[in-house]
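Chemist:
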Amino acid sequence: MSQQFDVVVIGAGPGGYIAAIRAAQLGFNVACIDEWKNAAGGPAPGGTCTNVGCIPSKALLQSSEHFEHANHHFAEHGITATGVKMDIAKMLARKDTVVKQNNDGILYLFKKNKVTFFHGRGSFVAAKEGAYEIKVAGKAEETISGKHVVVATGSSARVLPGTPFDEDNILSNDGALRMGAVPKKLGLIGSGVIGLEMGSVWRRLGAEVTVLEGLPTFLGAVDQQIAKEAHKAFVKQGLKIELGVKVGEIKSVKKGVTVAYTNAKGEAVSLDVDKLIISIGRVANTTGLAADAVGLQLDERGAIVVDADCKTNLPNVWAVGDVVRGPMLAHKAEEEGVAVAERIAGQHGHVNFNTIPWVIYTNPEIAWVGQTEEQLKSAGRAYKSGTFPFMANGRARALGDTTGMVKMLADASTDEILGVHIVGPMASELIAECVVAMEFRASSEDIARICHAHPSLSEATKEAALAVDKRTLNF
Ligand code: FAD
Ligand code: NAI
């Protein structure tokens, strides 16, 4: 007889492994299936985030930032660093170690919480007697069953039609994170989150980077005052960003890649690069699931259709994370995973989609929560705005990193904070206070009246709140 579980989770990325752990904490007998293999063919739970996403990209961003600091910023502190060299193999090995620590950490957490882990591909077989049969195709093949199923199969890089990834010359995020040498010339298609983070890594290490973006606007989803400030900083650093291009034929030759495109002026251009990263968004992973076997509904793009509570069209089948609608972010996947486990237990799991923070880990970092000025304008909402530049913040000056600002938007009559947008040092950490404030429906005056440590970057958030009421103290 097949092993029976209360909850079977397919996928052990941040959505799936967190759902499995929370369900186990709530007393369910839980299985989690994941097919990701490490270099030795063993299990590597953690999904895109751990293996080829959040974690390795942040490891490389850190290494490359140290390199840039040693080369360009130590001198102003009176530190002489000559002959600074980057050992790419060592940098990649460190990144792999960080990834493995996270893979192992998840296996440990499964053991600690008594989640049964299966290494292999999970697919639906049939719905039978109030449960779902799921085939696990790994080294061996077996069938298990679950009263509830949580699908958390994540996403993969979108392929530009006619230009498949070879991960040698034409790279997805996977290949972009394991180039064995710094390319002299690196091309990127898409100036989204991956384009900017990966472009930053390899530029800092010495590549000449050109980013080709289809849209005429830089970071269209970001508050445009913040996006403009970031664009200025990236261009100053040496990133070449071409907006409004139309990419044509891409030819991979022995020596590299040739990209034909039409620029914003309508001119035909040919760009020769050693490597090309294509980062034009991601698509849901549903092809291996055998969704048809049970009639699981997918939308026209292959994502699983869910309601606001992550319920699919099938009873007791749930889906979370990148495989469903909403932002493709690890913390959004985790929140959905927790909420689903709690709903299965009859509790009132909750995700507030209005307060999901976004962070782009470039230098300067970009982070925001809530609505942009453009969104408020188009919704016809009356708002007040306050900004404070890091140039006027003592801690930022001491750090030697004064690029950017904090911008706070609040309702014109109630003063409730509607959005906070930051470009500058440690924006990734500063945004947490703003998320808390918005969760508690704070007013800008609440932040303005809270004591913030001095000297700290967080004083810029307080000053932006004061600026909403036109009473900044330090600018
Ligand atoms: P995934 O992490 O994709 O995990 C899905 C898992 O399911 C995978 O292990 C997959 O192998 C497995 N799977 C798929 N199908 C099956 C099947 N049939 N059977 C068994 N297993 C299966 N987000 C952030 O919030 N912050 C960041 O800094 C960040 N950086 C990123 C950097 C890069 C380069 C990329 C590509 C993404 C980044 N993201 C970041 C996005 C983040 O990685 C995703 O939003 C997150 O991983 C989604 O989690 P998930 O659990 O839905 O899916
Ligand atoms: P993205 O959606 O962020 O950006 C894709 C960009 O490519 C867009 O600007 C789009 O206009 C452009 N584009 C699309 N088709 C094009 C074409 N044919 N020619 C030229 N440009 C084209 O997608 P990206 O960068 O691939 O990242 C995928 C997702 O992964 C992100 O949206 C985000 O959800 C997640 N991610 C999150 C990170 C973080 O939180 N720090 C880091 C990296 C990824």
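Residue numbers (my numbering): 1 to 475.
Built from N, CA and C at the ideal position, the CB exists for glycine as well.
Fair warning: this is a prediction, and the values are worked out from it, not measured in the lab.
Which ranges would you report for the alpha helix (DSSP H) in the segment 336-421 if only whole runs of at least 4 residues count?
Modeler: With a minimum length of 4 residues, the continuous alpha helix (DSSP H) runs that stay inside the segment 336-421 are 373-378 and 394-399.
Chemist: My guess is that V340 and A19 are in contact by the Cβ rule of under 8 Å, so how many angstroms apart are they, rounded?
Modeler: Position 340 of the sequence shown, counted from the start, is the residue given in the question as residue 340. Position 19 of the sequence shown, counted from the start, is the residue given in the question as residue 19. Indeed, because the Cβ distance is near 6 Å, the residues count as touching under 8 Å.
Chemist: Rounded to a whole number of angstroms, what is the C-alpha to C-alpha distance between M91 and S63?
Modeler: The sequence position of residue 91 within the sequence shown is 91, counting from 1. The sequence position of residue 63 within the sequence shown is 63, counting from 1. Their Cα atoms are separated by approximately 7 Å.
Chemist: With respect to 7 Å, is the separation between the Cβ of E35 and the closest non-hydrogen atom of ligand 1 below this value?
Modeler: Within the sequence shown, the letter at position 35 stands for residue 35. Flag set: Cβ of E35 near ligand 1.
Chemist: For R282, count neighbouring C-beta atoms within 10 Å of its own C-beta (all shown protein chains included) and say buried if the count is 16 or more, exposed if not.
Modeler: Taking the sequence shown and counting its residues from 1, one reaches residue 282 at position 282. Classification for R282: buried.
Chemist: Buried or exposed, going by whether 16 or more other CB atoms sit within 10 Å of the CB of F353?
Modeler: Within the sequence shown, the letter at position 353 stands for residue 353. Exposed, by the Cβ-count rule.
Chemist: Just to be sure I understand the criterion: a residue counts if its Cβ is closer than 6 Å to at least one heavy atom of ligand 2. Which residues meet that?
Modeler: Qualifying residues come out as L160, I189, G190, S191, G192, V193, I194, G195, E197, L212, E213, G214, L215, V247, S279, I280, G281, R282, P327, M328, L329, V359, I360 and Y361.
Chemist: Would you please state the rounded distance, in angstroms, between the beta carbons of S55 and T153? I believe it to be under 8 Å.
Modeler: Taking the first residue of the sequence shown as 1, we reach residue 55 at position 55. Taking the first residue of the sequence shown as 1, we reach residue 153 at position 153. In the sequence on display, residue 55 carries Ile and not Ser. Going by Cβ atoms, the distance from I55 to T153 rounds to 19 Å, so no, they are not a contact pair.
Chemist: For G256, is the classification buried or exposed, using 16 other Cβ atoms within 10 angstroms of its Cβ as the cut-off for buried?
Modeler: Here residue 256 refers to the residue found at position 256 when the sequence shown is read from its first residue. The residue is buried, with at least 16 neighbouring Cβ atoms inside 10 Å.
Chemist: Quick check: the Cα distance between N313 and G220, rounded to an integer number of angstroms?
Modeler: For the purposes of this step, residue 313 is taken as residue 313 along the sequence shown, with counting starting at 1. For the purposes of this step, residue 220 is taken as residue 220 along the sequence shown, with counting starting at 1. Near 33 Å, if we compare the C-alpha coordinates of G220 and N313.
Chemist: Using the Cα positions of L239 and G337, report the straight-line distance between them to the nearest angstrom.
Modeler: Working through the sequence shown from its first residue, we reach residue 239 at position 239. Working through the sequence shown from its first residue, we reach residue 337 at position 337. Taking the straight line joining both Cα atoms gives about 37 Å.
Chemist: Is the distance from the Cβ of D6 to the Cβ of H148 below 8 Å?
Modeler: Counting from one through the sequence shown, the residue named residue 6 turns up at place 6. Counting from one through the sequence shown, the residue named residue 148 turns up at place 148. Contact flag set, yes.
Chemist: Based on the DSSP secondary-structure assignment, which residues constitute the bridge partners of C32?
Modeler: Residue mapping note: residue 32 aligns to position 32 of the sequence shown, counting from 1. In the DSSP output, where bridge partners are listed per residue, C32 has V9 and F117.
Chemist: Between N474 and ligand 1, is there a pair consisting of the residue's CB and a ligand heavy atom that are separated by less than 7 Å?
Modeler: Here residue 474 refers to the residue found at position 474 when the sequence shown is read from its first residue. N474: no, Cβ never under 7 Å from ligand 1.
Chemist: Hey, could you find the ends of the alpha helix (DSSP H) A176 is sitting in?
Modeler: For the purposes of this step, residue 176 is taken as residue 176 along the sequence shown, with counting starting at 1. Counting along the chain, the alpha helix (DSSP H) containing A176 begins and ends at N173 to A176.
Chemist: Of the choices V222, Q25 and I88, whose alpha-carbon is the least far from that of I366?
Modeler: The residue labelled residue 366 in the question sits at position 366 within the sequence shown. Comparing Cα positions, the closest option is V222.
Chemist: Would you give the residue range spanned by the beta strand (DSSP E) that R282 belongs to?
Modeler: By one-based count along the sequence shown, residue 282 stands at place 282. Here the beta strand (DSSP E) through R282 covers R282 to A284.
Chemist: Does D223 come out as helix, strand or coil in the three-state DSSP assignment?
Modeler: One-based indexing of the sequence shown puts residue 223 at position 223. Three-state result, D223: coil.
Chemist: Alpha carbon to alpha carbon, how far is G190 from E65?
Modeler: Working through the sequence shown from its first residue, we reach residue 190 at position 190. Working through the sequence shown from its first residue, we reach residue 65 at position 65. Distance between the alpha carbons of G190 and E65 is about 22 Å.
Chemist: State whether the segment 450-459 contacts the segment 412-430, with contact taken as three or more CB pairs (one from each stretch) at a distance under 8 Å.
Modeler: Yes, the segment 450-459 is in contact with the segment 412-430.
Chemist: Mark E167 as exposed unless 16 or more other C-beta atoms lie within 10 angstroms of its C-beta, in which case mark it buried.
Modeler: Indexing the sequence shown from 1 puts residue 167 at position 167. Burial call: exposed.
Chemist: Give the DSSP bridge partners of F234, in chain order.
Modeler: Here residue 234 refers to the residue found at position 234 of the sequence shown. Beta-bridge pairing links F234 to no other residue.
Chemist: Can you tell me the Cα-Cα spacing of G386 and K228, whole angstroms?
Modeler: Walking along the sequence shown from the start, residue 386 turns up at place 386. Walking along the sequence shown from the start, residue 228 turns up at place 228. Approximately 17 Å, taken between the alpha carbons.
Chemist: Give a single yes or no on whether H350 has its beta carbon closer than 7 Å to a heavy atom of ligand 1.
Modeler: The count along the sequence shown starts at 1 and reaches residue 350 at position 350. False, no ligand heavy atom lies under 7 Å from that Cβ.
Chemist: Give a single yes or no on whether S123 has its beta carbon closer than 7 Å to a heavy atom of ligand 1.
Modeler: Numbered from 1 along the sequence shown, position 123 holds the residue referred to as residue 123. Indeed, a heavy atom of ligand 1 lies less than 7 Å from the Cβ.
Chemist: Can A131 and G120 be called in contact, C-beta distance under 8 Å?
Modeler: Within the sequence shown, residue 131 is the residue found at index 131, counting from 1. Within the sequence shown, residue 120 is the residue found at index 120, counting from 1. Contact: no.
Chemist: Please classify V52: does DSSP put it in a helix, a strand, or coil?
Modeler: To locate residue 52, count along the sequence shown from 1; it is residue 52. Helix at V52.
Chemist: Drop a sphere of 10 angstroms on the beta-carbon of T80, count the other beta-carbons inside from all chains shown, and report buried for 16 or more, exposed for fewer.
Modeler: Within the sequence shown, the letter at position 80 stands for residue 80. That one is exposed.
Chemist: Please go through the same chain and pick out, in chain order, the residues whose beta-carbon is closer than 7 Å to the beta-carbon of K332, but skip the five residues on each side of it.
Modeler: As a position in the sequence shown, residue 332 is number 332, starting the count at 1. Once the five neighbours on either side are set aside, the close Cβ partners of K332 are G326 and I356.
Chemist: Assign K95 to one of two classes, buried (16 or more other C-beta atoms within 10 Å of its C-beta) or exposed (fewer than that).
Modeler: Within the sequence shown, numbered from 1, the residue matching residue 95 stands at position 95. By the neighbour-count rule (16 or more Cβ atoms within 10 Å), K95 is buried.
Chemist: Thinking just about the alpha-carbon of each residue, which of V245, V253, T286 and N285 is nearest to the one in A268?
Modeler: Counting from one through the sequence shown, the residue named residue 268 turns up at place 268. Among V245, V253, T286 and N285, the Cα nearest to that of A268 belongs to V245.
Chemist: Since I447 contacts E197 with CB under 8 Å, what's their CB separation in whole angstroms?
Modeler: Residue mapping note: residue 447 aligns to position 447 of the sequence shown, counting from 1. Residue mapping note: residue 197 aligns to position 197 of the sequence shown, counting from 1. Not really, about 29 Å apart at Cβ, beyond 8 Å.
Chemist: Between the C-alpha atoms of K128 and I134, what's the straight-line distance to the nearest angstrom?
Modeler: Counting from 1 along the sequence shown, the entry for residue 128 is found at position 128. Counting from 1 along the sequence shown, the entry for residue 134 is found at position 134. Each residue's Cα considered, the two are about 11 Å apart.
Chemist: Grouping DSSP H, G and I as helix and E and B as strand, with all else coil, what is H148?
Modeler: Against the sequence shown, residue 148 aligns to sequence position 148. Note: H148 maps to strand in three-state DSSP.
Chemist: On a CA-only basis, which of K377, L399, E141 and A392 is nearest G419? Give me that one, please.
Modeler: As a working note, residue 419 is residue 419 in the sequence shown. Closest option to G419, Cα to Cα, is K377.
Chemist: For P43, list the residues DSSP reports as bridge partners.
Modeler: In the sequence shown, residue 43 corresponds to position 43, counting from 1. Paired residue(s): K37.
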